[in-house]
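Note sheet for the following structure.
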Amino acid sequence: MSRNLTALVARHSSLGEPTAVELLAQAVRERGAVVADDVRDVAARTGLPEATVHGIATFYDDLREPRGALDVRVCTGTACFAATGGRHVAELSDGLGLALGERSEDGSVSLGETVCLGFCHCSPAVRVGDVVDAGPQAVARVLSREPRQAAEPQAQSLLAEPVLTRAGDWSGLRRVLAELTPDQLVEEVAQAGVLGRGGAAFPAAVKWRLTRQAPAAERFVVCNGDEGDAGSYIDKQLMEHSPELLLEGMALAAYAIGARHGVVLVRSEYPRSRPALEEAAERARERGLLGPDALGDGIPFDVIVVDGAGSYVVGEETALLACLQGLRGVVSSRPPYPAQSGVRGLPTLVHNVETLCNIPFIAARGAQAYRELSPGATPGSKLVCFNERFARPGVFEIPFGTSVRELCEDVAGGLRDGARLKAVQIGGPLGGILPASLLDTPFDLEPLAAVGCMVGHGSLVGFDEETGMRDLARHLLGFGAQESCGKCFPCRVGLTRAHEMVQGDAAVDRARLEELLEALELGSLCAHGGGMPAPIRSLIAHFPDELGLA
Amino acid sequence: MRVEVDGAPVEVPEGATLLEAVRAAGARVPTLCFDERLAPFGACRVCLVGVEGQDKPVASCTTPCRDGMRIDTRDPAARRVAGAVVELVLSELPEPPAAHTELAAVARELGVGELRWTGRVHEKRHDMRHPYLALQNELCISCGRCVRICDEVQGAFALTATGRGFEANIAAGIDAGFRDSTCVSCGACADTCPTDAITELSLLALAGTTTEEAQA
Chain A
15 MSRNLTALVA RHSSLGEPTA VELLAQAVRE RGAVVADDVR DVAARTGLPE ATVHGIATFY
75 DDLREPRGAL DVRVCTGTAC FAATGGRHVA ELSDGLGLAL GERSEDGSVS LGETVCLGFC
135 HCSPAVRVGD VVDAGPQAVA RVLSREPRQA AEPQAQSLLA EPVLTRAGDW SGLRRVLAEL
195 TPDQLVEEVA QAGVLGRGGA AFPAAVKWRL TRQAPAAERF VVCNGDEGDA GSYIDKQLME
255 HSPELLLEGM ALAAYAIGAR HGVVLVRSEY PRSRPALEEA AERARERGLL GPDALGDGIP
315 FDVIVVDGAG SYVVGEETAL LACLQGLRGV VSSRPPYPAQ SGVRGLPTLV HNVETLCNIP
375 FIAARGAQAY RELSPGATPG SKLVCFNERF ARPGVFEIPF GTSVRELCED VAGGLRDGAR
435 LKAVQIGGPL GGILPASLLD TPFDLEPLAA VGCMVGHGSL VGFDEETGMR DLARHLLGFG
495 AQESCGKCFP CRVGLTRAHE MVQGDAAVDR ARLEELLEAL ELGSLCAHGG GMPAPIRSLI
555 AHFPDELGLA
Chain B
6 MRVEVDGAPV EVPEGATLLE AVRAAGARVP TLCFDERLAP FGACRVCLVG VEGQDKPVAS
66 CTTPCRDGMR IDTRDPAARR VAGAVVELVL SELPEPPAAH TELAAVAREL GVGELRWTGR
126 VHEKRHDMRH PYLALQNELC ISCGRCVRIC DEVQGAFALT ATGRGFEANI AAGIDAGFRD
186 STCVSCGACA DTCPTDAITE LSLLALAGTT TEEAQA
C-alpha cells in the first residue's frame with residue numbers, strides 16, 4: 015500500500031466520511047457508470063490524485079461495468095453452479111438479451127455477475143437492485159420483472175447452549191469491565207485458544223498481544239465482513255441476525271488492545287448486512303454500550319461500517335485495509351503486519367466476523383468453558399453451512415471434530431430427492447474437495463488438512479452425480495482468474511493459464527498442470543493464488559479421468 | 006546481524022532484507038519488480054530464495070533478515086518457481102521483449118527459452134501523444150515500478166495501476182494519456198520500466214535521427 019496515498023487519505027478525510035470507493039459506487043448508483051467527471055469529483059473530495067481514483071474505479075466489480083435502471087446481477091458462486099451447472103446464467107442472459115457485463119442500449123437493463131450473494135441454501139440466486147430472489151423459479155420471476163425477496167434460513171445450534179447462534183446480550187462486556195483488566199482479557203483469550211475463523215486459523219491472542227504492544231496513540235479494531243468465499247453465508251447470518259454479538263466482540267477486543275474505533279467492512283453483495291449492523295449500533299449507542307463511555311471510566315468506543323465494492327481478494331487482510339481506506343483492494347506484502355501498521359498506518363487488529371463473535375462467550379464464561387465446547391478438538395464451536403443440494407440446507411453451530419459424514423447425512427439430511435453425494439467442497443473456493451469415499455474424516459483442522467482440505471470458512475458445498483469434475487475445475491479456475499487482484503505475477507498470469515488448460519475437452523497435460531500449481535502455491539503473494547491449487551489437486555487425486563488428465 | 010548466503014557469512018544491519026544480504030555477500034538473485042530507489046513491493050516473485058527451516062521459498066526483497074538465517078539462492082524449488090513465473094510473464098506479451106530490456110535479461114539468466122504457453126495475450130494499445138514519453142500497454146507486466154516511482158520519487162502521481170487479474174495494466178491520468186495527466190515529463194517511469202512499455206522518445210528520434218547516426 016502506498017504510504018503517500020494512505021497519508022493523503024488520512025489528511026483529507028476523517029474516519030466515517032465516505033471513502034473514494036463508496037463515492038464512486040454512489041456515482042454508479044446515480045448515473046449507471048463512472049465517467050471522467052466522477053473521477054475528478056471524487057479526486058477533489060478525497061484529496062487523492064485523479065489517476066489513483068481512475069485506478070480504483072477500474073478495480074472493483076461494482077464500479078467497472080455499466081448499470082441499467084434495472085440492474086440484474088446473477089450469482090455465479092459455487093452453490094449456484096452446483097444447483098444448475100451454470101444454466102441459470104444462460105437463461106437470464108438469453109431472456110434479457112444481454113451478455114454478462116452488458117447494458118441495453120437504452121440503458122433500461124443491465125446484466126452482471128456476482129460471487130456470491132449468500133443465498134446458497136436456495137440457489138440459484140439473482141439480485142435485482144437490493145432484492146435477492148433465489149430458488150428454481152428465481153430466473154423466471156426476474157425475467158417477468160417480479161422478483162421477490164428470498165427467505166433466510168434460521169440458524170440452529172447442535173450445542174447444549176448456543177454460543178454463536180444467539181443474539182448478543184452484552185453480558186460478556188459487562189463482566190469484563192467489572193472484573194478483568196485488558197491484560198487479563200488478552201490472557202483469557204490466549205487460554206481459550208481461539209483460532210481465526212476466516213480461513214487461516216491464526217491464534218487470535220497472538221494478534222491481540224502484538225497490537226496491544228505496538229506503540230501508538232491510537233489503535234483500531236477492524237472486522238472483516240467481506241465473506242467472499244462462495245458457498246459460505248455464515249458471516250452474513252451473524253451480521254444480520256446477531257449484530258449485537260459482533261459489536262460486543264468488537265468492544266471486547268477494543269478494550270483488550272486499547273482501541274477507540276472499530277470499523278466493519280461489509281461486502282456490497284450483502285445489501286442487508288450494513289443496515290442490520292447500523293441499527294444494532296444505534297441501539298447500543300442509546301444504551302450507552304457504544305459511544306463516549308462504552309468501555310467505562312470515560313473510555314470511548316464506537317463502530318462505523320464501510321462498504322466494499324465487489325472483490326474476493328479484499329477478504330485478505332491487507333487488501334481489506336486498502337479497501338476500507340478507499341484504495342484499490344490489492345494485497346501488500348507483510349511485514350509490516352496490520353498489528354504494526356494498518357488503518358492510517360496505525361496498529362490494527364483485523365478479525366473475521368465469526369472470530370469476534372466467539373469473544374463474548376469467553377468474556378462471560380471463561381476460557382475453560384470455551385475449551386469444553388469441543389472436547390479433544392479445536393477449542394470453541396464452529397458455524398457450518400450447507401448448499402441447496404442438501405435436504406436441510408442452512409447454518410448450523412457444531413462442535414469441532416464431528417465427522418463430515420455426520421454433518422452431511424445427519425445434520426443436513428443427505429442430498430435432496432435421494433440424490434447421491436459425489437463430493438463436497440469445504441471452506442470456500444480455496445478449500446480442497448472431499449470425495450464421498452472420505453466422508454468419515456472429522457471436521458477439524460488437522461484431519462481435513464491430512465486429506466488436502468481445510469475448515470476454511472466452514473461452508474460445505476455438496477455436488478451430486480450431475481456435476482462434471484472438469485466443469486467444476488473450469489468454474490473454480492474461472493473464478494480464481496477473475497478475482498486475482500493482479501499484483502503478484504504467478505497468480506495474475508498463472509490462474510488465467512490454468513483456466514485455459516481446462517477449457518474445452520482437450521486432454522490436460524498433467525505434468526504441466528502440476529508445474530503450474532507448484533508455481534502458484536510456492537510463488538503467490540497471498541492465499542488466493544496460493545490456495546486455488548488445493549481444489550484442483552483434490553480433483554487430480556480423486557477424479558483424474560473426469561478431469562481429462564493425460 | 007550475521008546471516009549466511011550460500012554458505013558464506015555476511016554482516017547486515019538491523020532491518021536489512023534478504024535481498025540486501027544476498028547482494029552484500031556478492032551473490033545474485035534476479036529481480037523484476039525491484040528498484041532500489043523504491044520501497045520493496047514483492048510482486049514479481051522472481052527473487053525467491055530458500056531459507057533454512059522454512060518449508061516454502063520466500064521473496065527476498067520483502068523478507069527481513071533474522072540473525073543466524075541461512076539463505077540459499079540456489080534453492081531448487083525457488084529457482085524452478087522463478088523460471089516458471091518468468092515464462093508465464095513472457096506469455097502475456099504479444100511479442101517477445103526487446104533484447105536490451107531487463108525482462109529479456111532475466112529470462113536469459115533463468116534459461117527461459119521457448120514459451121510453452123499459448124492463450125490470451127495483452128491487447129495492443131498505444132499512447133503516442135506525449136512529446137517525450139510513449140506508452141505501449143501490451144508490454145506492461147504490472148511490476149508497478151512506474152506507478153511507484155511517480156508516487157515515491159517524483160510525487161507527481163500521474164500514473165496508476167488499472168484493472169485486475171490478467172487485465173491489470175497501467176494508465177496515465179484518467180486513462181487519457183501522459184499529455185492529459187499530471188505528468189511532469191521527468192522520465193523516471195521510462196527509466197525504471199523493465200520491458201519498454203514506457204519509453205522515452207529522444208529529441209534525436211523526434212528529428213528522425215537515430216543515436217548511431219548522431220554519434221557518427
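Heads up: the sequence lines are chains A and B, in that order.
Heads up: the first sequence begins at 15 in the working numbering, then just goes up one per residue.
Heads up: the second sequence begins at 6 in the working numbering, then just goes up one per residue.
We treat Cβ as the ideally placed atom computed from N, Cα and C, and that holds for glycine.
In whole angstroms, what separates the C-alpha of ASP478/A from that of LYS436/A? Counting from 1 along the first sequence, the entry for residue 478/A is found at position 464. Counting from 1 along the first sequence, the entry for residue 436/A is found at position 422. Straight-line Cα distance between these residues: approximately 5 angstroms.
What residues of chain A sit near GLU157/B, judged by a beta carbon separation below 9 angstroms? Mapped onto the second sequence, residue 157/B falls at position 152. In chain order: SER16, ARG17, ASN18.
Using a Cβ-Cβ distance under 9 angstroms, would GLN339/A count as near chain B? In the first sequence, the residue the question calls residue 339/A occupies position 325. No, its Cβ sits nowhere closer than 9 angstroms to a Cβ of chain B.
Can you tell me whether MET133/B is buried or exposed, with buried defined as 16 or more other CB within 10 angstroms of its CB? Indexing the second sequence from 1 puts residue 133/B at position 128. MET133/B should be labelled exposed.
Assign LEU187/B to one of three DSSP states: helix, strand, or coil. In the second sequence, residue 187/B corresponds to position 182, counting from 1. Residue identity differs from the one stated: residue 187/B is Thr in this sequence, not Leu. It is coil, neither helix nor strand.
Count the other C-beta atoms from every protein chain shown that fall within 10 angstroms of the C-beta of SER207/B, then say buried if there are 16 or more, exposed otherwise. On the second sequence, position 202 is the one that residue 207/B refers to. With fewer than 16 other Cβ atoms within 10 Å, it is exposed.
Three Cβ pairs or more, each shorter than 8 angstroms: is that satisfied between the region 247-267 of chain A and the region 344-358 of chain A? no
Note down, in chain order, each residue of its chain lying with its Cβ closer than 8 angstroms to the Cβ of LEU114/A, except the 5 sequence neighbours on either side. Numbered from its first residue, the first sequence carries residue 114/A at position 100. Result list for LEU114/A: VAL88, VAL103, SER107, LEU125, GLY126, GLU127, in chain order.
Using only alpha-carbon positions, find the residue among SER186/B, GLN159/B, LEU144/B, ILE76/B that is nearest to PRO102/B. As a first step, residue 102/B is located in the second sequence; it is residue number 97 there, counting from the start. That would be LEU144/B, whose Cα lies nearest to the Cα of PRO102/B.
I need the boundaries of the alpha helix (DSSP H) containing LEU429/A, first residue and last residue. Walking along the first sequence from the start, residue 429/A turns up at place 415. It is not in any alpha helix (DSSP H) - LEU429/A carries neither H nor E in the DSSP assignment.
Can you check whether the C-beta of ASP180/B is within less than 9 angstroms of a C-beta belonging to chain A? Residue numbering aside, residue 180/B sits at position 175 when the second sequence is read from its first letter. Answer yes: the Cβ-Cβ gap between ASP180/B and chain A drops below 9 angstroms somewhere.
ALA93/A classed as buried or exposed, judged by whether at least 16 other C-beta atoms fall within 10 angstroms: Locating residue 93/A in the first sequence gives position 79, counting from the first residue. Burial call: buried.
Quick check for students: name the residue ranges of the alpha helix (DSSP H) that lie wholly in the region 305-370 of chain A, counting only runs of 4 or more. 331-338
Are there three or more Cβ pairs, one per stretch, closer than 8 angstroms when the region 67-76 of chain A is compared with the region 161-171 of chain B? Taking 8 angstroms as the limit for Cβ pairs, the verdict is that the region 161-171 of chain B does touch the region 67-76 of chain A.
Pick helix, strand or coil for GLN141/B, following the three-state DSSP scheme. One-based indexing of the second sequence puts residue 141/B at position 136. Three-state DSSP puts GLN141/B in a strand.
Does the beta carbon of VAL235/A sit closer than 9 angstroms to a beta carbon anywhere in chain B? As a first step, residue 235/A is located in the first sequence; it is residue number 221 there, counting from the start. It does not; no Cβ of chain B falls within 9 angstroms.
So LEU291/A packs on MET253/A, CB below 8 angstroms; how close in whole Å? Walking along the first sequence from the start, residue 291/A turns up at place 277. Walking along the first sequence from the start, residue 253/A turns up at place 239. The pair is a contact, with the Cβ atoms about 6 angstroms apart (cut-off 8 angstroms).
Chain A within 9 angstroms of PRO102/B, Cβ atoms only: Here residue 102/B is taken as the residue at index 97 of the second sequence, counted from 1. It does not: the Cβ of PRO102/B has no partner Cβ on chain A nearer than 9 angstroms.
How about GLN220/B: is its C-beta nearer than 9 angstroms to some C-beta of chain A? Locating residue 220/B in the second sequence gives position 215, counting from the first residue. Low confidence applies to GLN220/B: its pLDDT is 49, below 50, so where it sits in the model is not reliable enough to give any reading.
Please tell me whether ARG301/A has its Cβ less than 9 angstroms away from any Cβ of chain B. Position 287 of the first sequence holds residue 301/A. Cβ-Cβ to chain B under 9 angstroms: no for ARG301/A.
Taking DSSP as the reference, what is the three-state secondary structure of ALA181/B? Counted from its first residue, the second sequence places residue 181/B at position 176. Assignment of ALA181/B by DSSP, reduced to helix, strand and coil, places it in the coil class.
Paired residues, beta bridge with CYS89/A - DSSP: Here residue 89/A refers to the residue found at position 75 of the first sequence. For CYS89/A, which the question treats as bridged, DSSP gives the partners THR128/A.
List the residues of chain B that GLU514/A touches, going by C-beta distances under 9 angstroms, in chain order. Looking up residue 514/A in the first sequence gives position 500. Correct list: TRP122, THR123, GLY124, ARG125.
Can you list, in chain order, the residues of its chain whose CB lies under 6 angstroms from that of LEU199/A, leaving out five sequence neighbours each side? Position 185 of the first sequence, counted from the first residue, corresponds to residue 199/A. These residues qualify, in order along the chain: VAL190, ALA270.
Using 8 angstroms as the threshold, is the region 270-290 of chain A in touch with the region 231-242 of chain A, meaning 3 or more CB pairs across them? yes
Can you find a heavy atom of the ligand GTP that lies under 8 angstroms from the Cβ of SER147/B? You won't find the ligand GTP in this model; it holds no ligand whatsoever.
Find the nearest neighbour of HIS127/B within the set LEU93/B, VAL117/B, LEU53/B, judged by alpha-carbon distance. Reading the second sequence from its first residue, position 122 is the one you call residue 127/B. The residue with the shortest Cα to Cα distance from HIS127/B is LEU93/B.
Are the region 452-462 of chain A and the region 480-488 of chain A touching, with three or more C-beta to C-beta distances below 8 angstroms? Result no; under three Cβ-Cβ pairs closer than 8 angstroms.
From the DSSP output, read off the bridge partner residues of ASN238/A. Mapped onto the first sequence, residue 238/A falls at position 224. DSSP lists LEU279/A, ASN366/A as partners of ASN238/A.
Is it the case that the Cβ atoms of VAL152/B and ARG42/B are separated by a distance below 9 angstroms? If you number the second sequence from 1, residue 152/B lands on position 147. If you number the second sequence from 1, residue 42/B lands on position 37. No, Cβ-Cβ distance for VAL152/B and ARG42/B is not below 9 angstroms.
Find out if the Cβ-Cβ distance for the pair SER147/B, ALA173/B is shorter than 9 angstroms. For the purposes of this step, residue 147/B is identified with residue 142 of the second sequence, where counting begins at 1. For the purposes of this step, residue 173/B is identified with residue 168 of the second sequence, where counting begins at 1. Going by C-beta atoms, SER147/B is nearer than 9 angstroms to ALA173/B.
Between which two residues does the beta strand (DSSP E) carrying ARG75/B extend? On the second sequence, position 70 is the one that residue 75/B refers to. ARG75/B -> beta strand (DSSP E) spans 75-77.
According to DSSP, simplified to helix, strand and coil, what is PRO101/B? To locate residue 101/B, count along the second sequence from 1; it is residue 96. PRO101/B falls in the coil class under three-state DSSP.
Does the distance from the C-beta atom of GLY482/A to that of GLY99/A stay below 9 angstroms? On the first sequence, residue 482/A is found 468 positions in, with the first residue counted as 1. On the first sequence, residue 99/A is found 85 positions in, with the first residue counted as 1. Cβ distance < 9 angstroms, so GLY482/A and GLY99/A count as in contact.
Stretch pair the region 174-192 of chain A + the region 425-441 of chain A: three plus CB contacts closer than 8 angstroms: Contact between the region 174-192 of chain A and the region 425-441 of chain A is absent: fewer than 3 CB-CB pairs across the two stretches fall below 8 angstroms.
Just confirm the distance between the C-beta atoms of THR60/A and SER27/A, as a whole number of angstroms; I'd bet it's less than 8 angstroms. Numbered from its first residue, the first sequence carries residue 60/A at position 46. Numbered from its first residue, the first sequence carries residue 27/A at position 13. The Cβ separation is near 6 angstroms, so the contact holds.
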